[in-house]
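Below: one structure, written as structure tokens.
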Amino acid sequence: MSRSDDSASASGSASVTPETPVRTARSARAVLASGILLGVVMLAVLLTDRRHMLAANFEVYQVAAETAVAGGDFYDSAPERFPDFYYLYPPISIVPFLPFVAVGRWSGFFVHTALEVVLALALAWLIVRWIERHRALSRLDHALIAGFVVGSIHAVPSLIYGQVNLRLALLIGLGLFLLERAVATGPSTRARSQLEALAGVALAGAALLKVFPAAVGLWLLRLRAWLAVAGALATGLGGLALGAAIFGLERTRAFFFEVLLPEGDAEAFVGGLDPGVSYVTVRRPLSVLFDLEPALLSVAAAAVLLPPLAYVYAGPIETPLDRLVAAHATLLVVLVFFPSYPLYYVILFGTLVPLLYLLETPAVRVPFVGGALVANLAITGGTLEDVAAAVPSVGEPLLVVGMPVLTVATPMLVGCLSMLVGCVLYRRGRTLE
260 MSRSDDSASA
270 SGSASVTPET
280 PVRTARSARA
290 VLASGILLGV
300 VMLAVLLTDR
310 RHMLAANFEV
320 YQVAAETAVA
330 GGDFYDSAPE
340 RFPDFYYLYP
350 PISIVPFLPF
360 VAVGRWSGFF
370 VHTALEVVLA
380 LALAWLIVRW
390 IERHRALSRL
400 DHALIAGFVV
410 GSIHAVPSLI
420 YGQVNLRLAL
430 LIGLGLFLLE
440 RAVATGPSTR
450 ARSQLEALAG
460 VALAGAALLK
470 VFPAAVGLWL
480 LRLRAWLAVA
490 GALATGLGGL
500 ALGAAIFGLE
510 RTRAFFFEVL
520 LPEGDAEAFV
530 GGLDPGVSYV
540 TVRRPLSVLF
550 DLEPALLSVA
560 AAAVLLPPLA
570 YVYAGPIETP
580 LDRLVAAHAT
590 LLVVLVFFPS
600 YPLYYVILFG
610 TLVPLLYLLE
620 TPAVRVPFVG
630 GALVANLAIT
640 GGTLEDVAAA
650 VPSVGEPLLV
660 VGMPVLTVAT
670 PMLVGCLSML
680 VGCVLYRRGR
690 TLE
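Take a look at the structure:
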């Protein structure tokens with residue numbers, strides 16, 4: 260398919276005019292610039308009011324690695340500064356942190372952060388390449404994309420805490436990019452087989468970091484990308500087996516039965532999720548509206564999210580934009596189905612940023628771009644409480660008005676659901692063509 264063919268499929272409406280790409284770029288830049296601006300504000304807040312949390316997650320990883328080297332139970336070890344913080348990921352995921360055993364906390368944190376920034380820039384480069392397969396970008400766009408991926412309100416907390424979410428985002432973005440390249444090579448070629456299998460390996464790598472990205476497998480099944488499924492299964496099961504071989508079956512058993520399966524957050528939803536809890540999930544409004552057991556709450560969340568995803572999946576998925584929209588809808592559903600933290604929003608970067616530049620139909624862009632803008636407001640009840648403590652004259656009225664609203668939904672959740680509506684409207688437009 261030529262670039263002009265891609266543009267035609269991207270428009271999907273006679274209302275698209277020659278000026279549309281200019282307006283599209285402006286609104287995309289508004290989303291990226293606002294995310295970066297809020298990221299600067301977030302950085303200032305974290306380095307002042309929450310500076311005690313600097314390197315918090317990295318310290319957990321380092322202590323777990325030290326315990327692993329000593330032959331101890333790294334699922335039962337916590338840093339002195341954070342006695343309630345424990346390692347929560349598959350055993351094999353601790354291997355990249357083993358070299359940090361030999362260095363101090365702050366030198367290790369510096370190296371870790373530098374590596375995360377490099378990986379984030381690699382994701383930004385991948386996103387630029389993805390977009391420029393279909394339209395040209397200016398240097399300003401390049402800078403905004405890189406700034407958003409590395410320094411937006413969604414990325415900054417991961418860097419400050421020493422998290423691994425940016426490498427998670429890179430693996431997901433890389434997997435989806437390779438999958439798209441595989442489809443573009445045509446049917447039954449050796450290159451396609453290799454790219455598809457590598458896509459599965461990358462996506463499974465993300466799942467070996469934090470498990471929940473395994474649900475992206477829904478998209479592989481929809482595409483009937485069987486080699487990607489095979490690559491993902493081989494990587495996932497192989498990673499678990501290797502973890503058991505290195506650290507012992509007991510550690511693997513502990514991960515499944517003491518970390519993964521227990522519903523440690525279930526009690527938080529009883530009687531409605533507290534607005535001070537930062538989870539981004541459709542279970543928040545459901546827990547307020549209905550008094551459900553945790554298992555039924557999960558079923559209710561699936562009942563809300565799976566129909567729109569099924570609709571996006573329905574019908575032929577023929578163009579690169581069709582696949583990008585469906586992949587983004589999948590990531591949105593994965594993010595808001597589970598009790599996700601706001602800093603996991605970065606998993607959307609690989610599909611969100613290209614769609615900001617490639618979706619052109621006004622009826623689709625309004626809920627999509629509007630949702631992306633709203634999602635940049637990473638506000639929770641805790642945010643309002645911090646404002647009230649710092650500036651009572653402003654914060655206390657905000658608490659009165661904002662807390663009831665945030666009990667039902669956070670801006671990030673509203674933004675994600677609005678983008679999902681945009682994906683549904685895109686599919687409807689394609690169906691009516």
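First residue of the sequence shown? That's 260 in this note's numbering, and the numbers climb one at a time after it.
Just so you know, even glycine gets a beta-carbon here, dropped at the ideal spot from N, CA and C.
key: DSSP beta-bridge partners of V539   = S599
message = For the pair the stretch 393-409 and the stretch 614-628, tell me if three or more CB-CB distances fall below 8 angstroms.
response = yes
message = To the nearest angstrom, how far is the alpha carbon of P621 from that of M671?
response = 22 angstroms
key: Proximity to Y348 [Cα-Cα], best of A323, G367 and G363   = A323
Nearest-angstrom Cα separation, counted from V409 out to A588 = Cα to Cα, A588 sits roughly 23 angstroms from V409.
ask   = Looking only at its own chain, which residues have a Cβ that is under 8 angstroms from the Cβ of F341, when we skip the five neighbours before and after it?
value = A315, E318 and V319
Span of the alpha helix (DSSP H) around Q453 = R449 to K469
task = May I have the straight-line CA-CA distance separating F627 from E339, to the nearest angstrom?
result = About 44 angstroms.
ask   = Using DSSP with H/G/I as helix, E/B as strand and the rest coil, what is A289?
value = Looking at A289 - three-state DSSP - the assignment turns out to be helix.
query = Nearest to L632 by CA position, among L291, R285 and A284, is which residue?
reply = L291
request  = Mind the definition here: the stretch 631-646 touches the stretch 591-599 only if three or more C-beta pairs lie below 8 angstroms; say whether that holds.
outcome  = no
query = I think F516 touches P350, with their Cβ atoms under 8 angstroms apart; what is that distance to the nearest whole Å?
reply = Their Cβ separation, rounded to whole angstroms, is 13 angstroms, which puts F516 and P350 out of contact at 8 angstroms.
ask   = On the three-state DSSP scale, how would you describe H401?
value = helix
key: Backbone secondary structure at I638 - three-state DSSP   = coil
task = Inspect the beta-carbon positions of F608 and G464 and report whether they are closer than 8 angstroms.
result = Contact check for F608 against G464 fails: the beta carbons are separated by 8 angstroms or more.
query = On the premise that L602 lies in contact with P416, defined as a C-beta separation below 8 angstroms, what is that separation, rounded to the nearest angstrom?
reply = 5 angstroms
Under 8 angstroms between C-beta atoms of G459 and T494 = yes
message = Pop quiz: L382 and L429 are said to be a contact at Cβ under 8 angstroms. What is the actual Cβ separation, rounded to whole angstroms?
response = 4 angstroms
query = Quick one: what does DSSP say L208 is sitting in, helix, strand or coil?
reply = Since the displayed the chain opens at 260 and closes at 692, residue 208 lies outside it and no answer follows.
Residue span of the alpha helix (DSSP H) that contains M678, given as start and end = Where M678 is concerned, the enclosing alpha helix (DSSP H) starts and stops at P670 to L691.
key: A466 vs P544 beta-carbon contact at 8 angstroms   = no
task = Determine the burial state of H371: buried for a count of at least 16 other Cβ atoms within 10 Å of its Cβ, exposed for fewer.
result = buried
inquiry  = Closest to E526 by C-alpha separation, out of T540, P553 and L548, would be which residue?
reply    = P553
query = With 16 other CB atoms within 10 Å as the buried threshold, where does E455 fall?
reply = buried
ask   = Under 8 angstroms between the Cβ atoms of T639 and V547?
value = V547 sits away from T639, with the two beta carbons spaced by 8 angstroms or more.
task = In angstroms with no decimal places, state the Cα-to-Cα distance between V625 and M678.
result = Using only the alpha carbons, I get a separation of about 9 angstroms.
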